[in-house]
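Let me begin by presenting the structure, written as structure tokens, before commenting on it.
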Amino acid sequence: MTAIHTLHILNKSPEHPRASRCLATVSPEDALLLTGNGVLLLSTQKKPVTHKVFVLSPDVDARGLGGMTGNAEAVGFAEMVSLSLQAQRVISW
Amino acid sequence: MTAIHTLHILNKSPEHPRASRCLATVSPEDALLLTGNGVLLLSTQKKPVTHKVFVLSPDVDARGLGGMTGNAEAVGFAEMVSLSLQAQRVISW
Amino acid sequence: MADTASGTFTLVITGAPYASQAPQTALGFARAVVDAGHRIDRVFLYGDGVHLASVLCAPPSDETDWPEEWSRFLSEHSIPGVACIASALRRGLVNQAEQKRYELPAANLRAPFEIAGLGEWVEGRMKSTRTLYFHAGD
Amino acid sequence: MADTASGTFTLVITGAPYASQAPQTALGFARAVVDAGHRIDRVFLYGDGVHLASVLCAPPSDETDWPEEWSRFLSEHSIPGVACIASALRRGLVNQAEQKRYELPAANLRAPFEIAGLGEWVEGRMKSTRTLYFHAGD
Amino acid sequence: MSTLIMIDQPPYGAWTGREALDMAFSLAAFDQPATLLFAGAGVNWLRPSQEAGGVGQKSVEKNLSAAPIFGIEAILADRAACITYGLNESSLLKGVTLVDADAALLKDFDHTAFAG
Amino acid sequence: MSTLIMIDQPPYGAWTGREALDMAFSLAAFDQPATLLFAGAGVNWLRPSQEAGGVGQKSVEKNLSAAPIFGIEAILADRAACITYGLNESSLLKGVTLVDADAALLKDFDHTAFAG
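Chains as they are written, first to last, in this note's numbering: chain A, 195 to 287; chain B, 195 to 287; chain C, 4 to 141; chain D, 4 to 141; chain E, 5 to 120; chain F, 5 to 120.
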């Protein structure tokens with residue numbers, strides 16, 4: 195289990211101003227979990243600074259992005275729960 | 195009375211993705227009416243391509259922007275009604 | 004150029020009170036339409052805008068009661084106020100007919116608002132000189 | 004690092020059903036919390052999230068009934084569901100006590116949801132291992 | 005009296021897009037010309053293979069594929085937005101026309117509306 | 005247990021900001037440390053001379069000025085956002101501290117929350 199400082203949960207589309215704010219405050223020791231419209235980040239050229247990027251599977255599937263997860267790890271709700279406890283803190287953007 | 199092709203009514207803050215879309219489709223023969231959070235455009239460096247820029251007074255006053263209207267014309271609801279009839283069409287962004 | 008001497012309006016409100024400014028801006032506009040001698044064919048509530056037709060809002064006494072202000076304005080000027088039925092049912096806004104049909108414990112639609120389909124908007128779009136929308140504006 | 008073996012959660016939902024995906028994502032998360040043997044101290048509805056506690060939503064029969072799903076989940080697991088009173092009153096969500104106090108014609112709060120103040124959120128924030136928010140995500 | 009209904013929010017995260025589609029279908033039902041334009045993050049409506057069961061919703065793909073049958077005149081997508089979201093003509097749902105969503109396009113329509 | 009309440013939407017157009025303020029005040033009422041951070045278009049809360057009678061609302065300026073009395077620890081504003089909206093230290097409401105709303109700042113708080 196890798197140490198995670200902050201788990202950033204982002205459910206806004208890449209165009210939403212809060213998405214930029216979130217990405218600007220993600221550190222290399224943080225993890226980013228994309229949910230809802232947040233998973234659309236997968237289809238854009240924007241790359242978060244952390245390597246620990248997770249995407250919520252049902253949201254990825256709904257949006258037809260199953261083939262575009264790249265280096266992001268697809269997780270279910272069970273892993274989302276674990277991640278939220280594993281991180282020292284959680285920010286829901 | 196100046197001819198107005200399209201009256202664009204923008205009530206989104208300058209950060210909102212729809213604000214950029216609106217500004218990108220305003221032509222010189224159009225007019226732009228800023229209402230609600232749209233009046234915050236006055237405080238930024240973004241400049242619409244049309245010279246016919248109107249701002250709704252009560253919204254300007256609420257946000258403390260009375261001193262920043264610049265070349266925009268402050269109007270009340272009565273003028274908003276006239277503008278909407280004067281223009282050939284209206285788009286509420 | 005359109006005749007500015009007289010015009011008719013359909014106003015569509017898609018933003019909810021106490022969440023967006025849409026009902027307030029729309030009311031300021033509607034009053035100015037009437038004051039200028041123009042006609043409002045109808046006010047159509049769509050999406051989250053249907054919450055404006057709730058009879059159960061109880062805002063703090065020092066805040067404007069937007070549903071109350073709107074229903075008084077519509078009544079005074081005999082302007083039809085229509086909440087879209089599909090938007091309303093999903094969002095928990097029902098009159099007595101819908102309460103009965105769906106076997107719900109209560110109704111919460113405020114008079115003079117009525118519930119009807121998107122056809123009302125289409126008619127407004129076709130017949131009114133102008134159709135304006137009042138959206139939420141984050 | 005936090006103990007991942009067991010944790011307690013406060014879930015805050017600020018997005019409305021049929022307007023945002025927030026109630027759905029929150030329910031998926033909540034079920035996983037319970038399945039993993041953790042505890043949910045409370046679910047707190049804030050802002051537009053209070054609409055999730057409406058007993059009057061009548062979505063089309065081929066769509067998920069989120070208020071119904073949520074109330075069943077809360078009841079099954081004896082999890083307190085609380086709608087913020089200030090958010091609820093402004094938005095037309097009332098129980099019988101508030102109906103009486105404000106002389107309203109009906110109540111529309113769905114069991115087992117209750118109405119209470121922001122203190123419930125503060126308590127959750129202080130006592131639960133994690134407080135997570137489920138916002139609208141345009 | 006042609007109407008352009010613009011959808012600039014992605015599917016599933018909000019209901020606005022579905023409600024915009026209903027507006028277009030209603031116009032068509034009353035024999036009024038209606039065109040759909042997907043712009044910004046709204047172009048994500050047009051990606052194939054959407055499986056929405058996991059989010060408890062119906063796929064919007066089916067709704068959209070019914071558009072021509074219901075009499076929607078055209079389904080347009082903004083070219084630049086498609087590029088932003090990694091979509092091109094071959095990866096879009098069938099029946100979508102790429103356009104530039106600019107001032108000239110909007111002037112082809114008497115009326116342009118959003119659902120929210 | 006210090007909490008950062010972030011407001012990134014401008015005043016009057018939406019209720020989210022007011023509801024965020026209520027969250028901060030509630031924490032303070034229960035003697036929990038709370039700090040407000042205005043970011044993005046939210047910095048427009050901090051412009052003086054707001055006259056909201058014309059939009060049928062109460063000025064948020066008064067609410068904010070009560071923050072120190074109610075025990076809010078600090079009112080922070082993102083420097084870059086202030087520049088974007090033409091605000092500087094001298095044109096902001098009194099009692100506001102300019103900061104960079106970056107990763108380092110957020111790590112000073114146990115918890116960061118938005119109202120919606």
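Beta carbons: idealized from backbone N, C-alpha and C, even for Gly.
Beta strand (DSSP E) segment containing residue i, residue limits
i: L217 of chain A; result: That residue, L217 of chain A, is in no beta strand (DSSP E); its alpha helix (DSSP H) goes 211-219.
i: E117 of chain C; result: 117-119
i: V247 of chain B; result: 247-250
i: V275 of chain A; result: No beta strand (DSSP E) contains V275 of chain A, which is instead part of the alpha helix (DSSP H) from 271-280.
i: I198 of chain B; result: Here I198 of chain B belongs to no beta strand (DSSP E), and DSSP marks it neither H nor E.
i: D44 of chain C; result: 42-48
i: G84 of chain C; result: 84-87
i: T11 of chain C; result: 11-16
i: T101 of chain F; result: 100-103
i: R283 of chain A; result: 283-286
i: L228 of chain A; result: 225-228
Presumed contact (8 Å Cβ cut-off) between residue i and residue j, rounded CB distance
i: L226 of chain B; j: P242 of chain B; result: 5 Å
i: S286 of chain B; j: P14 of chain F; result: Contact flag wrong, Cβ pair sits at about 19 Å.
i: A139 of chain C; j: G18 of chain C; result: 4 Å
i: A256 of chain B; j: A56 of chain F; result: 4 Å
i: Q54 of chain F; j: G258 of chain B; result: 4 Å
i: G270 of chain B; j: Q24 of chain C; result: Wrong, their Cβ atoms sit about 16 Å apart, outside the cutoff.
i: I187 of chain A; j: V284 of chain A; result: A question about residue 187 of chain A goes unanswered here, because the residues of chain A that appear run from 195 up to 287.
i: G122 of chain D; j: F34 of chain F; result: 7 Å
i: F42 of chain F; j: A81 of chain F; result: 5 Å
Residue i: first and last residue of the uninterrupted alpha helix (DSSP H) it sits in
i: C86 of chain F; result: 83-88
i: T134 of chain D; result: First-last for T134 of chain D: 133-137, but that is the beta strand (DSSP E), not the alpha helix (DSSP H).
i: F124 of chain F; result: This structure gives no information on residue 124 of chain F, because the portion of chain F shown stretches from 5 to 120.
i: R104 of chain D; result: 99-104
i: T67 of chain C; result: Here T67 of chain C belongs to no alpha helix (DSSP H), and DSSP marks it neither H nor E.
i: L55 of chain C; result: Run containing L55 of chain C: none; DSSP gives neither H nor E here.
i: D112 of chain E; result: It is not in any alpha helix (DSSP H) - D112 of chain E carries neither H nor E in the DSSP assignment.
i: V37 of chain C; result: 25-38
i: G127 of chain C; result: 122-130
Could you check whether the region 97-116 of chain C touches the region 125-133 of chain C, counting it as contact only if at least three pairs of C-beta atoms, one from each stretch, sit closer than 8 Å? With a cut-off of 8 Å, the region 125-133 of chain C and the region 97-116 of chain C do not count as touching, because too few Cβ pairs lie within range.
For the region 39-51 of chain F against the region 36-55 of chain C, do three or more pairs of beta-carbon atoms, one drawn from each stretch, fall closer than 8 Å, so that the two count as touching? Output reads no: the region 36-55 of chain C does not touch the region 39-51 of chain F.
Contact residues within the region 227-252 of chain A, judged by C-beta distance below 8 Å to chain D: Taking 8 Å as the Cβ-Cβ cut-off against chain D, the residues of the region 227-252 of chain A that qualify are T229, G230, N231, G232, L250, P252.
Segment contact, 8 Å Cβ cut-off, at least three pairs: the region 11-26 of chain E with the region 31-49 of chain D: no
Can you find at least 3 beta carbon pairs, one from the region 231-251 of chain A and one from the region 74-91 of chain E, that sit closer than 8 Å? yes
If the cut-off is 8 Å on Cβ atoms, which residues from the region 45-62 of chain C count as contacting chain B, listed in chain order? none
Any residues in the region 61-80 of chain C with a beta carbon nearer than 9 Å to a beta carbon of chain B? Which ones, in chain order? none
Quick one: which residues of the region 271-285 of chain B get their C-beta closer than 7 Å to a C-beta of chain C? List them in chain order. F271, A272, M274, V275, S276, S278, L279, Q280, Q282, V284
Anything in the region 208-227 of chain A with a Cβ closer than 8 Å to a Cβ of chain B? List those residues in chain order, please. Per Cβ criterion, the list reads E209, H210, P211.
Which parts of the region 8-75 of chain F are runs of the beta strand (DSSP E), unbroken and 3 residues or longer, counting only runs that do not cross its ends? 38-42
With a cut-off of 8 Å, do at least 3 Cβ pairs link the region 76-86 of chain D to the region 77-84 of chain E? no
Along the region 10-26 of chain E, what residues have a CB closer than 9 Å to any CB found in chain C? Only W19, T20, E23, D26 from the region 10-26 of chain E bring a Cβ to less than 9 Å from some Cβ of chain C.
Taking a cut of 8 Å between CB atoms, which residues from the region 80-111 of chain F lie near chain B? T88, Y89, G90, L91
With contact counted as at least three CB pairs below 8 Å, one residue from each stretch, are the region 131-141 of chain C and the region 11-23 of chain C in contact? Contact between the region 131-141 of chain C and the region 11-23 of chain C is present, because at least three Cβ pairs lie under 8 Å.
For the region 40-68 of chain E, list every residue whose C-beta sits within 8 Å of some C-beta in chain B, in sequence order. A43, G44, A45
The region 120-131 of chain C: which residues have C-beta closer than 9 Å to a C-beta of chain E, in chain order? Of all residues in the region 120-131 of chain C, G120, L121, G122, W124, V125, E126, R128, M129 have a Cβ within less than 9 Å of some Cβ in chain E.
Would you say the region 59-70 of chain D touches the region 84-93 of chain D, given that touching needs at least three Cβ pairs under 8 Å? no
Proximal residues, the region 6-27 of chain C versus chain F, C-beta separation under 7 Å: Of all residues in the region 6-27 of chain C, only Y21, A22, S23, Q24, Q27 place a beta-carbon less than 7 Å from a beta-carbon of chain F.
Can you find at least 3 beta carbon pairs, one from the region 106-120 of chain E and one from the region 90-105 of chain F, that sit closer than 8 Å? As far as the Cβ criterion goes, the region 106-120 of chain E does not touch the region 90-105 of chain F, which means the pair count is below three.
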